[in-house]
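Enquirer: Below: one structure in structure tokens.
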Amino acid sequence: MSDIILELSQIEKSFGDVRVLNGIDLSVRKGEFITLLGPSGCGKTTTLRIIAGLETPDSGRVFLAGKDVTDLEPNKRNVNTVFQNYALFPHMNVESNIAYSLKLKKVDKQTIAKTVKEALELVQLSGYEKRMPDELSGGQRQRVAIARAIVNQPAVLLLDEPLGALDLQLRHQMQIELKRLQKRLGVTFIYITHDQEEALNMSDRIAVMRDGKFEQIGTPAQVYDNPRTSYVARFVGSANLISGTAYNMGDGLIRLETDYGLGVARTRGAQISDGQAITVAVRRESVNLVTQETPDNLGLRAVVKEKHYAGGVLQIIVSLSDGRELVCSRQGIDSPLKPGDHVLVTWLPDQGVIVDLEAAG
Amino acid sequence: MKKSKIPSLYLGLMLALMYVPILLVIIYSFNESRISSVWGGWSLRWYRDLFRDRDIMDAMTNSLILATVSSLSAAVIGTLAAVGMPRANLKGKGIIEYLSTLPIMIPEIILGMVFLVYFALIRLPFGMVTLAVAHTSFCTPYVYMLVKARLVGIDKSYAEAAKDLGATEWNVFWDITLPLILPAITSGVLLAFAMSLDDVVISVFVTGVNTNTLPLKIYTQLKTGVTPKINALCTLMFAATMLIVLMSAWFAKKSVRKTERRISSEEASGIRNSVGLAR
Chain A
535 MSDIILELSQ IEKSFGDVRV LNGIDLSVRK GEFITLLGPS GCGKTTTLRI IAGLETPDSG
595 RVFLAGKDVT DLEPNKRNVN TVFQNYALFP HMNVESNIAY SLKLKKVDKQ TIAKTVKEAL
655 ELVQLSGYEK RMPDELSGGQ RQRVAIARAI VNQPAVLLLD EPLGALDLQL RHQMQIELKR
715 LQKRLGVTFI YITHDQEEAL NMSDRIAVMR DGKFEQIGTP AQVYDNPRTS YVARFVGSAN
775 LISGTAYNMG DGLIRLETDY GLGVARTRGA QISDGQAITV AVRRESVNLV TQETPDNLGL
835 RAVVKEKHYA GGVLQIIVSL SDGRELVCSR QGIDSPLKPG DHVLVTWLPD QGVIVDLEAA
895 G
Chain B
99 MKKSKIPSLY LGLMLALMYV PILLVIIYSF NESRISSVWG GWSLRWYRDL FRDRDIMDAM
159 TNSLILATVS SLSAAVIGTL AAVGMPRANL KGKGIIEYLS TLPIMIPEII LGMVFLVYFA
219 LIRLPFGMVT LAVAHTSFCT PYVYMLVKAR LVGIDKSYAE AAKDLGATEW NVFWDITLPL
279 ILPAITSGVL LAFAMSLDDV VISVFVTGVN TNTLPLKIYT QLKTGVTPKI NALCTLMFAA
339 TMLIVLMSAW FAKKSVRKTE RRISSEEASG IRNSVGLAR
């Protein structure tokens, strides 16, 4: 248990009548890169602010390195934050911004100068000491904000959508840099984003949040390949969700009977009874569209509706008989299918994941 | 399409209406002749006379001391109010906030009467002290309103970031808030200084028998007939006031520029105008 650096226990928080956090539990290991992923309004920023001490939870406790810090002021916690808008002090230059926490600690001038220099080297901004924040680009401000937050050597670094304001190219570059920086510093990162790709790229673990609760916590592979709920499947993998009735076929396989045809899925150890109503998640890139009858009668009957070709990815939207839409995506090559074509939607058994079992059972 | 001349004519007329009298006073302050309506050639004679007049110099000293004391007191009170009010957990906070800007709205003559009655009631001897109290009270709203407007524009994440980095409330005020609102405070102080420097109505009520401020001196001299010396004095005061008001506007602009886009510049200049035009 000693390598648990941060622990949240049953955190609840309301603003007025609005319940923002609904009993949050989270354990973060030392040196871990954990991402809180969710849409805006799901409570991820509030969670971060509670860890930072900028908000007090209505109930529940926050433990930092085993110590209860729930009632400690933010300036008494060994946690630093990179704010969403960076919050660089506009009247201080880069050097003073980074040195601020050290000055408060009354660190001697030489050490401060050395630490600031190292921090700027780390974020590749050497020579920018005397610049004012409004003379920096978005990406540079972001680096200064990170430098300012790490000079204090916090036990945990909190990052609130730090890449949200950057353009796409810079964002990709900063993702890699941030990840490298985290590895080098060995500091625990708690990272907030609503961008699932960002979360999958960077994190050791992802905590998918919804309505003030964690829906699923796991490694990117677990969350992506094995979503526990339809919400996670849709939010993280943009998966197609297909509902129907399950029948066991043996060998850990089930047959999914729907109004449009047959599908398959693996039980992955779950106990499914014959006739049980289930939902199966199939990711877009796992969906196959075929025009000929399949040997074992598998496949959902659908009609091609639209085709989009963007950035090397082909997306084909098909609609089922009741108007529901499924999306199939392909890398590169165009497809001879055109709107109005009748197709069968199929996927491999391994790529059908049964979700929402807990909710249903 | 030919542009109509009417707008420029109208503008010229309005400017003439406002500035010709001032211009005349300035020109006549350099008039050699003793009689105001006769032009006797250029001269600095009245300025020389002015600086030799002990009474006027004493009044000027009084005015400068008074303006300095009251504008600085207003700076402290107004700033503390603007910074503290949002944190105060009071019932009827809105009413208090409204009341605190009332001195700008109340007619000066009534304010003067009120001060007269009040100081008499608490038996405060009339003189510099009563003047300073009265001036501070009507100067404070200017600082309060300007600082309040600036504070609205300061992102609260600065304070949060500072606390996150280890700052106490006290550190936050000195290191973050104060430097960011300083242009607004300065602008408010300069405005208050100008207001105090040229106040007559309230001063008439609260001054003592032997205390004269510059505007009071000018006012009493009018009764004995206008000498060109008064023209010279008015010219100097006009120049000083203009300088201060321009500086105030410059600081206010600086303050607005620093303000985040959240508070639009029209809004900020609206506040500035309402402060500038109210008196």
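Order-wise, the sequence lines are chains A and B. Here the first sequence stands for residues 535 to 895, where the numbers follow this note's numbering. Here the second sequence stands for residues 99 to 377, where the numbers follow this note's numbering. Yeah, the Cβ is synthetic: ideal placement off N, Cα and C, and Gly gets one too.
#1: Between the C-alpha atoms of leucine 781 of chain A and isoleucine 888 of chain A, what's the straight-line distance to the nearest angstrom?
#2: How far does the alpha helix (DSSP H) with phenylalanine 236 of chain B in it reach, from first residue to last?
#3: What residue range is occupied by the uninterrupted alpha helix (DSSP H) comprising glutamine 703 of chain A?
#4: Helix, strand or coil for aspartate 759 of chain A? Go by DSSP, reduced to three states.
#5: Should asparagine 686 of chain A go down as buried or exposed, given a rule of 16 or more other Cβ atoms within 10 Å for buried?
#6: CA-CA distance, aspartate 856 of chain A and leucine 878 of chain A?
#7: When the Cα of glutamate 819 of chain A is compared with those of A/Cys862, A/Glu791, A/Gly784, which residue comes out closest?
#8: Use the C-beta contact count for aspartate 778 of chain A: other C-beta atoms within 10 angstroms, 16 or more gives buried, fewer gives exposed.
#9: What number of angstroms, rounded off, separates the C-alpha of glutamate 546 of chain A from the C-alpha of glycine 594 of chain A?
#10: Under 9 Å, Cβ to Cβ, is there at least one residue of chain B near glutamate 607 of chain A?
#11: Among the residues of its own chain, which have a CB less than 6 Å from the CB of valine 628 of chain A, if the five just before and after it don't count?
#12: Can you tell me whether DSSP reads glutamate 749 of chain A as helix, strand or coil?
#13: Closer than 7 Å, Cβ to any Cβ of chain B: which residues of the stretch 613-624 of chain A, in chain order?
#14: Pick helix, strand or coil for alanine 799 of chain A, following the three-state DSSP scheme.
#15: Going by Cα to Cα distance, which pick from A/Glu566, A/Gly803, A/Arg718 is closest to arginine 739 of chain A?
#16: Drop a sphere of 10 angstroms on the beta-carbon of aspartate 551 of chain A, count the other beta-carbons inside from all chains shown, and report buried for 16 or more, exposed for fewer.
#17: Taking phenylalanine 723 of chain A as the reference, give the member of A/Ala683, A/Glu749, A/Met743 with the closest Cα.
#18: Ends of the beta strand (DSSP E) at glutamate 546 of chain A?
#19: Using the Cβ count rule (16 or more neighbours within 10 Å means buried), how would you classify leucine 284 of chain B?
#20: For the stretch 624-657 of chain A, which residues have a beta carbon sitting closer than 8 Å to at least one beta carbon of chain B?
#21: Please report the straight-line C-alpha distance between glycine 846 of chain A and alanine 647 of chain A, rounded to a whole angstrom.
#22: For alanine 586 of chain A, return the contacting residues in chain B, with the cut-off set at a CB-CB distance below 7 Å.
#23: Report all residues from its chain with a CB closer than 8 Å to the CB of leucine 109 of chain B; omit the five preceding and five following residues, and keep chain order.
#24: Since asparagine 614 of chain A is in the beta strand (DSSP E), which residue starts that stretch and which ends it?
#25: Does the beta carbon of isoleucine 104 of chain B come closer than 9 Å to any beta carbon on chain A?
#26: Just the Cα atoms here: how many angstroms apart are leucine 622 of chain A and threonine 727 of chain A?
#27: Can you give me the C-alpha to C-alpha distance between isoleucine 369 of chain B and proline 624 of chain A, rounded to a whole angstrom?
#28: For leucine 278 of chain B and chain A, any beta-carbon pair shorter than 9 Å?
#29: Using a beta-carbon distance cut-off of less than 8 Å, what residues from the stretch 237-268 of chain B approach chain A?
#30: Could you tell me which of A/Asp602, A/Pro870, A/Leu656 sits nearest to leucine 712 of chain A, measuring between CA atoms?
Expert: On the basis of the supplied data:
#1: The amino acid occupying residue 781 of chain A in the given sequence is tyrosine; leucine does not appear at that position. Using only the alpha carbons, I get a separation of about 13 Å.
#2: 226-251
#3: 702-719
#4: helix
#5: By the C-beta density criterion, asparagine 686 of chain A is buried, having at least 16 other C-beta atoms within 10 angstroms.
#6: 15 Å
#7: For glutamate 819 of chain A, the closest alpha carbon among the candidates A/Cys862, A/Glu791, A/Gly784 is that of A/Cys862.
#8: Note that residue 778 of chain A is glycine in the sequence shown, not aspartate. With 16 or more other Cβ atoms within 10 Å, it is buried.
#9: For glutamate 546 of chain A and glycine 594 of chain A, the distance between alpha carbons rounds to 6 Å.
#10: yes
#11: By the criterion of a C-beta distance shorter than 6 Å, valine 628 of chain A is surrounded in its chain by Tyr662, Glu663, Arg665, Val678, once the five residues flanking it on both sides are discounted.
#12: strand
#13: Asn614, Thr615, Phe617, Asn619, Ala621, Phe623, Pro624
#14: strand
#15: A/Glu566
#16: exposed
#17: A/Ala683
#18: 538-549
#19: For the record, residue 284 of chain B in the displayed sequence is threonine; it is not leucine. Burial call: buried.
#20: Pro624, His625, Tyr634, Ser635, Leu638, Lys639
#21: 48 Å
#22: Correct list: Asp262.
#23: none
#24: 613-616
#25: no
#26: C-alpha separation (whole angstroms): 20 Å.
#27: Since pLDDT at isoleucine 369 of chain B reaches only 44, below the 50 mark, its modelled position is unreliable, and no value is offered.
#28: yes
#29: Asp253, Ser255, Tyr256, Glu258, Ala259, Ala260, Lys261, Asp262, Leu263, Gly264, Ala265, Thr266
#30: A/Leu656
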